[in-house]
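Participant:
There are 2 protein chains.
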Amino acid sequence: MKKKNKKVNAAILIIGNEILSGRTQDRNIAFISNWLNSNCGISVNEVRIIPDVEKKIIESVKVLSKKFNYVFTTGGIGPTHDDITAQSISKAFRLKYDYHKEAYKILENYYGQNKFNDGRKKMAKMPVGSKLIYNPSSAAPGFITKNVLSLPGVPSILNSMIDNCKKYLIKGSKVHSKTLNLFTVESNISKKLGIIQNKYKKSVDIGSYPFFRLGKIGVSLVSRSTSKAKLKEVNKEIFKLIRSKNIKLLKV
Amino acid sequence: MKKKNKKVNAAILIIGNEILSGRTQDRNIAFISNWLNSNCGISVNEVRIIPDVEKKIIESVKVLSKKFNYVFTTGGIGPTHDDITAQSISKAFRLKYDYHKEAYKILENYYGQNKFNDGRKKMAKMPVGSKLIYNPSSAAPGFITKNVLSLPGVPSILNSMIDNCKKYLIKGSKVHSKTLNLFTVESNISKKLGIIQNKYKKSVDIGSYPFFRLGKIGVSLVSRSTSKAKLKEVNKEIFKLIRSKNIKLLKV
């Protein structure tokens, strides 16, 4: 029983001017969060997006690694001048920043000795004591330093690596969810919904999100809980509310 | 001359379990950031995504409103139990949370007296002293409290309201950018690029982002600066680097 209610959480730290400036639409947050919940029962409780600035990275890594069980960083582990994630994490934890022997070998093999230039060698440098997160698509590994897992920013490469994080993570209880799409407006149900939420405040989170579909206004009600039984109870109550107000459901 | 280098910055605070859980892909960050830079010369320097939890909202509003010229919050200003942005901002600034007369009138007119229920009335409550951000699509206004501007989470509604923020914002210098797409790998140019960046570190930010297009690997180099002249200089140097390495450009 105890294991069933084990809460494990994480934060995501997106390092990159290109996301902050709006030039690039982030796709890693939703991917990592969904993956963590489905595969490891870990909930993402905070996300920060910060620029490629050493001071900001150090500060964010310090704060988030203390507050959450895990921190996932994305971006800044390539070969160019703006790739400063590894150095910054070293400084945050006061660890030496040096070549990781295995990472060096992986990259040397991948590029061949002749093409293993300084930029590429840089990708083998990381905080001393880090363990590797293997990269099946472009060789350059990610790494885990204490409770901080560092991944690249390119979504296709990140996606190919994420399963290799699993062995470093303690599993929590998966959060189950149930979505009901109602053809009504939020204010029509807000009062009774608040009463239901209050009754189940310790076990279920109910979110209410307006949508526009098929030319009509609607509300998605998303209930989330680690307990399937409590989720069922809440949805029974929501169904009662729906029937009492004669609200139609959108079948999906 | 002085006005040309005026730096005005902002943070975005996304309030919403649905973004954190990965259920919903955020679209507001890139939109707000692009809008702020193009229309007001304001740079977004940090983004946080947090759950619908009062304590977290209060803490984040306090920290970010001190660190940045403006904070834009999205989400949590609707009629349901999970909409707690207005109350939380009131607490963060120790302001009374009460009906805003004009907001109340707007909503009463919009819904008609008979349909103006408690949930809808709630949308007229905000920190005392706040000014309204008008909403041309669904009436319920956003509001500005000190330097914190609160907008809804639904992208289409947010987009329709954003121009009404303009009158509350001090303008900064627009950041201009120039993108070059090179058919090469980052490590081929990283050393010389680092030298160029170092030479212009005070005036230009150069970002380097790998891409995959037309079956080939490439790098997008994005230079950003408030000075068009410095941007031109940097791009001249990058062109020199490109020619010396015989790198092809992707024309877009």
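Residue numbers (the numbering used here), protein chains in the order written: chain W, 100 to 351; chain D, 100 to 351.
Even for Gly, the Cβ is constructed at its ideal location relative to N, Cα and C.
Could you tell me the alpha carbon to alpha carbon distance between C264 of chain D and K204 of chain D, rounded to whole angstroms?
Facilitator: Walking along the second sequence from the start, residue 264 of chain D turns up at place 165. Walking along the second sequence from the start, residue 204 of chain D turns up at place 105. Computed Cα separation, rounded: 20 Å.
Participant: Just grab the DSSP bridge partners of I305 of chain D for me.
Facilitator: Along the second sequence, one-based indexing puts residue 305 of chain D at 206. D:S322, per the DSSP bridge assignment.
Participant: Whole angstroms are fine: how far does the CA of K270 of chain D sit from the CA of M100 of chain D?
Facilitator: Translated into positions along the second sequence, residue 100 of chain D becomes position 1. Translated into positions along the second sequence, residue 270 of chain D becomes position 171. Below a pLDDT of 50, predicted positions are generally treated as unreliable, and M100 of chain D, at 40, falls in that range; no measurement from the model is reported.
Participant: Report yes or no: is there a C-beta of chain W within less than 8 Å of the C-beta of T179 of chain D?
Facilitator: Position 80 of the second sequence holds residue 179 of chain D. True, the Cβ-Cβ gap to chain W drops below 8 Å.
Participant: Can you tell me the Cα-Cα spacing of V227 of chain D and I111 of chain D, whole angstroms?
Facilitator: In the second sequence, the residue the question calls residue 227 of chain D occupies position 128. In the second sequence, the residue the question calls residue 111 of chain D occupies position 12. Approximately 22 Å between the Cα atoms of the pair.
Participant: Alpha carbon to alpha carbon, what distance is there between G314 of chain W and I232 of chain D?
Facilitator: Here residue 232 of chain D refers to the residue found at position 133 of the second sequence. Here residue 314 of chain W refers to the residue found at position 215 of the first sequence. Taking the straight line joining both Cα atoms gives about 26 Å.
Participant: Does the stretch 201-219 of chain W come into contact with the stretch 319-333 of chain D, if we say contact requires no fewer than three beta-carbon pairs (one atom in each stretch) closer than 8 Å?
Facilitator: no
Participant: Could you say if the stretch 278-292 of chain D and the stretch 170-179 of chain W meet the contact criterion of at least three C-beta pairs nearer than 8 Å?
Facilitator: yes
Participant: What does the alpha-carbon distance come out to for the pair N258 of chain W and N345 of chain D?
Facilitator: In the first sequence, residue 258 of chain W corresponds to position 159, counting from 1. In the second sequence, residue 345 of chain D corresponds to position 246, counting from 1. About 32 Å.
Participant: What is the residue span of the alpha helix (DSSP H) that I205 of chain D lies within?
Facilitator: Position 106 of the second sequence holds residue 205 of chain D. That run of the alpha helix (DSSP H) goes K200 to Y210.
Participant: Give me the chain W residues within the contact set of I128 of chain D, using Cβ-Cβ distance strictly less than 9 Å, ordered along the chain.
Facilitator: For the purposes of this step, residue 128 of chain D is identified with residue 29 of the second sequence, where counting begins at 1. Residues of chain W passing the Cβ test: I118, L119, G121, Q124, D125 and I148.
Participant: Of the residues D:F282, D:K245, D:S302 and D:A202, which one's Cα is nearest the Cα of H275 of chain D?
Facilitator: As a working note, residue 275 of chain D is residue 176 in the second sequence. Comparing Cα positions, the closest option is D:S302.
Participant: Buried or exposed for N116 of chain D, please, with buried defined as at least 16 other CB atoms from any protein chain shown within 10 angstroms of its CB.
Facilitator: Stepping through the second sequence from its first residue, residue 116 of chain D is reached at position 17. The residue is buried, with at least 16 neighbouring Cβ atoms inside 10 Å.
Participant: Which full runs of the beta strand (DSSP E) of 3+ residues lie inside the stretch 269-314 of chain D, going along the chain?
Facilitator: 275-282 and 304-312
Participant: Given that Y308 of chain D touches chain W, what residues does it touch there, using C-beta distances under 7 Å?
Facilitator: For the purposes of this step, residue 308 of chain D is identified with residue 209 of the second sequence, where counting begins at 1. Annotation: Cβ neighbours of Y308 of chain D in chain W (cutoff 7 Å, chain order): E117.
Participant: Residue range of the alpha helix (DSSP H) that P150 of chain D falls in?
Facilitator: Position 51 of the second sequence, counting from 1, holds the residue named residue 150 of chain D. From DSSP, P150 of chain D is part of no alpha helix (DSSP H); its letter is neither H nor E.
Participant: Do you know whose CA, among W:M260, W:I148, W:M225 and W:Y196, lies nearest D125 of chain W's CA?
Facilitator: Along the first sequence, read from residue 1 onward, the residue named residue 125 of chain W stands at position 26. The shortest Cα separation from D125 of chain W among W:M260, W:I148, W:M225 and W:Y196 belongs to W:I148.
Participant: T184 of chain W lies in the alpha helix (DSSP H); which residues open and close that run?
Facilitator: Position 85 of the first sequence, counted from the first residue, corresponds to residue 184 of chain W. T184 to A191 is the span of the alpha helix (DSSP H), which, as asked, contains T184 of chain W.
Participant: Just to confirm before moving on: does the CB-CB distance between L206 of chain D and A185 of chain D stay below 8 Å?
Facilitator: Locating residue 206 of chain D in the second sequence gives position 107, where the first residue counts as 1. Locating residue 185 of chain D in the second sequence gives position 86, where the first residue counts as 1. Cβ distance not < 8 Å, so L206 of chain D and A185 of chain D don't count as in contact.
Participant: Which residues in the same chain have their Cβ closer than 6 Å to the Cβ of K277 of chain W, if we skip the five residues on either side of it in sequence?
Facilitator: Locating residue 277 of chain W in the first sequence gives position 178, counting from the first residue. Closer than 6 Å at Cβ, skipping near neighbours: S322, L330 and N334.
Participant: Between the beta-carbon of F171 of chain D and the beta-carbon of N144 of chain D, is there less than 8 Å?
Facilitator: In the second sequence, residue 171 of chain D corresponds to position 72, counting from 1. In the second sequence, residue 144 of chain D corresponds to position 45, counting from 1. No.
Participant: Note down, one range per segment and in chain order, each alpha helix (DSSP H) of at least 4 residues found wholly within the stretch 216-268 of chain W.
Facilitator: Whole alpha helix (DSSP H) segments, 4+ residues: 217-221 and 254-260.
Participant: Counting only the same chain and skipping the five closest in sequence on each side, list residues whose C-beta sits under 8 Å from that of V318 of chain D.
Facilitator: Here the question's residue 318 of chain D lines up with position 219 in the second sequence. Excluding positions up to five away in sequence, the list reads N280, L281, T283, V284, E285, I288, S307, Y308, P309 and F310.
Participant: Does the Cβ of K350 of chain W lie closer than 7 Å to at least one heavy atom of the ligand ZN?
Facilitator: You won't find the ligand ZN in this model; it holds no ligand whatsoever.
Participant: Just to confirm before moving on: does the CB-CB distance between T123 of chain W and I188 of chain W stay below 8 Å?
Facilitator: Taking the first sequence and counting its residues from 1, the one referred to as residue 123 of chain W is at position 24. Taking the first sequence and counting its residues from 1, the one referred to as residue 188 of chain W is at position 89. Against a cut-off of 8 Å, the Cβ pair of I188 of chain W and T123 of chain W comes out as no contact.
Participant: Pick helix, strand or coil for S142 of chain D, following the three-state DSSP scheme.
Facilitator: Walking along the second sequence from the start, residue 142 of chain D turns up at place 43. The answer is strand: DSSP assigns S142 of chain D an E or B state.
Participant: Along the chain, where does the beta strand (DSSP E) containing F171 of chain D start, and where does it finish?
Facilitator: Counted from its first residue, the second sequence places residue 171 of chain D at position 72. Where F171 of chain D is concerned, the enclosing beta strand (DSSP E) stretches over Y169 to T173.
Participant: Rank D:D182, D:M225, D:K339 and D:S164 by C-alpha distance to the C-alpha of K195 of chain D and give the top, closest one.
Facilitator: Position 96 of the second sequence holds residue 195 of chain D. When each option's Cα is compared against that of K195 of chain D, the closest is D:M225.
Participant: Is L119 of chain D near V152 of chain W, with beta carbons less than 8 Å apart?
Facilitator: As a working mapping, residue 119 of chain D is identified with position 20 in the second sequence. As a working mapping, residue 152 of chain W is identified with position 53 in the first sequence. No; because the gap between Cβ atoms is not below 8 Å, this pair is not in contact.
Participant: Residues of chain D with CB under 8 Å from Q296 of chain W, in chain order?
Facilitator: Walking along the first sequence from the start, residue 296 of chain W turns up at place 197. Those are H180 and D181, listed as they occur along chain D.
Participant: For chain W, find out if any of its Cβ atoms is closer than 8 Å to the Cβ of G317 of chain D; answer yes or no.
Facilitator: As a position in the second sequence, residue 317 of chain D is number 218, starting the count at 1. Chain W, which has no Cβ nearer than 8 Å to the Cβ of G317 of chain D, makes this no.
Participant: In whole angstroms, what is the alpha-carbon distance linking K350 of chain D and L292 of chain D?
Facilitator: Within the second sequence, residue 350 of chain D is the residue found at index 251, counting from 1. Within the second sequence, residue 292 of chain D is the residue found at index 193, counting from 1. Approximately 21 Å, taken between the alpha carbons.
Participant: Can you tell me whether S164 of chain D is buried or exposed? The criterion is at least 16 other CB atoms within 10 Å of its CB, across all chains shown.
Facilitator: The residue labelled residue 164 of chain D in the question sits at position 65 within the second sequence. Flag for S164 of chain D reads buried.
Participant: Counting only Cβ pairs nearer than 9 Å, list the residues of chain W close to N216 of chain D.
Facilitator: The count along the second sequence starts at 1 and reaches residue 216 of chain D at position 117. Under the 9 Å cutoff, chain W gives S286, N287, S289 and K290.
Participant: What residues from chain W crowd round S132 of chain D, counting only those whose CB sits closer than 9 Å?
Facilitator: Translated into the one-based positions of the second sequence, residue 132 of chain D becomes position 33. Residues of chain W passing the Cβ test: I118, L119, S120, G121 and R122.
Participant: List, in chain order, every chain W residue whose beta-carbon is nearer than 8 Å to that of G293 of chain D.
Facilitator: Numbered from its first residue, the second sequence carries residue 293 of chain D at position 194. Per Cβ cutoff of 8 Å: T179 and H180.
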